[in-house]
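Colleague: These protein sequence lines are chains Z and L, in that order. Quick note on the working numbering: the first sequence kicks off at 1 and runs consecutively. Quick note on the working numbering: the second sequence kicks off at 1001 and runs consecutively. Below is one structure. I have some questions about it.
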Amino acid sequence: MANKLNLEVVTPRQQVVSEEVDLCTVPGGDGVFGVMANHAPILATLKIGPMHYEKDGDRVRLAVSGGFVEVSNNKMTVLAEAAERSDEIDVERALRAKERAEKRLAEAKSGREDIDMARAQAALARALTRLSIANQST
Amino acid sequence: MPNLKDIQIKISGIKKTQQITKAMNMVAAAKFRGAQEKVEEFRPYASKFSQVMGQLSEIADPNAFPLMEIRDVKKVCVLLVTADRGLCGAFNANLINETQKYLRAQQAEGKDVAVICLGRKGYGFFSKSGVEVPYHLVDCMANPHISDAKKVGMELTKRFLDGEFDEVHLMYGKFVNVVTQKPTLQKLLPISPQVLAGPEDEESQDTGPKPTYIYEPGPEEILDTLMPMFINVQILASMLETGASEQAARMTAMDNASRACKDMIESLTLTYNKARQAAITAELMDIVGGAEALKG
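This is the structure in structure tokens:
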């Protein structure tokens, strides 16, 4: 299989994806970037956000959070703390997480100091990513 | 002469205990398989992670990172990973003992100590022992998740960076095989360059000449974000390992208990039969004696 990129998405829980793909786009620490076959070796951090890959015209979306991406020898490895395909996302749970995070952020803004802003913001970003990925698929 | 009824009650009681221990053995066996699968599933992630960390540490200057700073050690913290539940032989006790031994040795050197507990059993002991327990997390061992490891990892790194602890060690039950689980102490913070470079594994060798990577952002920044995650990965690995060890220890303990029950039932049945026979013989003697007396 020439001109294909071997993509692996690994989380502590399981291997989410292991496939030959045409194109993969990930949210890097310095911005979103796409990788195709024969890409130069790269190592980049991963932000919370949507990633997707294309295989024979099909497009698969995933919500990923935190980790890094490595590309070398036509092999792309995404190590994320969590990665879910659009059809695996628990929308109810994401909605609850979003409300919770929003509430915490509002409380933090109104002067409560015991709330960790960064954590609440990260939680909100995760929830929003999950929701947007889930909505796109339907 | 032991009472027949008493022995019977005892036998039936032990039989019930045996049923329970047998059932627990089987449950532990099933859970053990699950726990081991989780360890297996985690392995690709962990190995890739340490491989990349090794690569990065070759390029970036590791001494520039606060998480690697070696300070004069005034206070040592042990992160103790135990099971949430008991009935698994000496597994938790061994871990606690080892921790105490280590703490005493440190105290003898004039250092302050603290323990952070993961798992109910360790916390139950150390919360009453007079040793400082600044943080603990319980009920997380049945299904270890990265978010739990993250919580503890964040707490640890924060306290380390604040200067509260100068060294953090990890104590967990290393899984050797089903009958052996070894309490193991491992240094967690400051991260030492040797740990970062990782063991030379064959996988990283076969790629031939090392490719020159594009780093996005720079290698230092990447290492900076990955280091706290590296701590989390190590914590999660120890949790998973302890989980597998716990179930294996429980399997062995319950197997022993079932066998002890069997032995007790056997010896009690023997006593019961002897007592029964003795009663019959005594009765016969009475009858024969009475008949003899009538004859005369």
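Glycine is no exception: its CB is placed at the ideal position from the N, C-alpha and C atoms. In this text the structure is predicted, and so the values were computed from the model without any measurement.
Give me the chain L residues within the contact set of valine 10(Z), using Cβ-Cβ distance strictly less than 7 Å, ordered along the chain.
Modeller: Those within 7 Å of valine 10(Z) in chain L are Pro1044, Tyr1045 and Lys1048.
Colleague: Taking 8 Å as the threshold, find out whether the region 27-40 of chain Z comes into contact with the region 104-119 of chain Z through three or more Cβ pairs.
Modeller: No, because fewer than three Cβ pairs between the region 27-40 of chain Z and the region 104-119 of chain Z fall closer than 8 Å, the two stretches do not touch.
Colleague: Below 8 Å on the Cβ atoms is my guess for leucine 1185(L) versus histidine 1169(L); work out the distance and round it to an integer in Å.
Modeller: At roughly 6 Å, the Cβ-Cβ gap stays under 8 Å, so leucine 1185(L) and histidine 1169(L) are in contact.
Colleague: Out of Gln1107(L), Leu1004(L), Val1113(L) and Met1251(L), which one is the CA nearest neighbour of alanine 1035(L)?
Modeller: The candidate whose alpha carbon is nearest that of alanine 1035(L) is Met1251(L).
Colleague: Would you kindly work out how many angstroms separate the C-alpha atoms of asparagine 74(Z) and proline 27(Z), rounded to a whole number?
Modeller: Taking the straight line joining both Cα atoms gives about 19 Å.
Colleague: Can you tell me the Cβ-Cβ gap for cysteine 1117(L) and alanine 1249(L), rounded? I've got them flagged as a contact below 8 Å.
Modeller: The pair is not a contact, with the Cβ atoms about 18 Å apart (cut-off 8 Å).
Colleague: Can you tell which of Tyr1215(L), Met1254(L) and Glu1292(L) has its C-alpha closest to the C-alpha of glycine 31(Z)?
Modeller: For glycine 31(Z), the nearest C-alpha among the options comes from Tyr1215(L).
Colleague: Counting only runs of 3+ residues fully inside the region 1072-1135 of chain L, write out the beta strand (DSSP E) ranges in chain order.
Modeller: With a minimum length of 3 residues, the continuous beta strand (DSSP E) runs that stay inside the region 1072-1135 of chain L are 1075-1081 and 1112-1118.
Colleague: Since I believe glutamate 1098(L) is in contact with proline 1183(L) (beta carbons under 8 Å), could you give me their beta-carbon distance rounded to a whole number of angstroms?
Modeller: Contact flag correct, Cβ pair sits at about 4 Å.
Colleague: Roughly how many angstroms separate the alpha carbons of asparagine 1025(L) and isoleucine 1011(L), rounded to a whole number?
Modeller: So the alpha carbons of these two residues sit roughly 21 Å apart.
Colleague: In whole angstroms, what separates the C-alpha of isoleucine 42(Z) from that of alanine 1108(L)?
Modeller: Using only the alpha carbons, I get a separation of about 49 Å.
Colleague: Taking the CB atoms as reference points, tell me whether leucine 1223(L) and leucine 1056(L) lie closer together than 7 Å.
Modeller: Cβ distance < 7 Å, so leucine 1223(L) and leucine 1056(L) count as in contact.
Colleague: Helix, strand or coil for phenylalanine 1065(L)? Go by DSSP, reduced to three states.
Modeller: Looking at phenylalanine 1065(L) - three-state DSSP - the assignment turns out to be coil, as it is neither helix nor strand.
Colleague: Where DSSP assigns a beta bridge to alanine 63(Z), which residues make up the other side?
Modeller: Paired residues: Pro50(Z) and Glu84(Z).
Colleague: So, is serine 65(Z) buried or exposed, given that buried needs 16 or more other C-beta atoms within 10 angstroms?
Modeller: Burial call: buried.
Colleague: Do valine 21(Z) and leucine 7(Z) come within 7 Å of each other at the CB atom, strictly closer than that value?
Modeller: Yes, these two residues count as a Cβ contact at 7 Å.
Colleague: For lysine 1236(L), go through chain Z and note every residue whose CB falls closer than 7 Å to its CB, in chain order.
Modeller: Looking at the sequence provided, one finds leucine at residue 1236(L) rather than lysine. Near leucine 1236(L) (Cβ distances below 7 Å), the residues of chain Z are Pro12.
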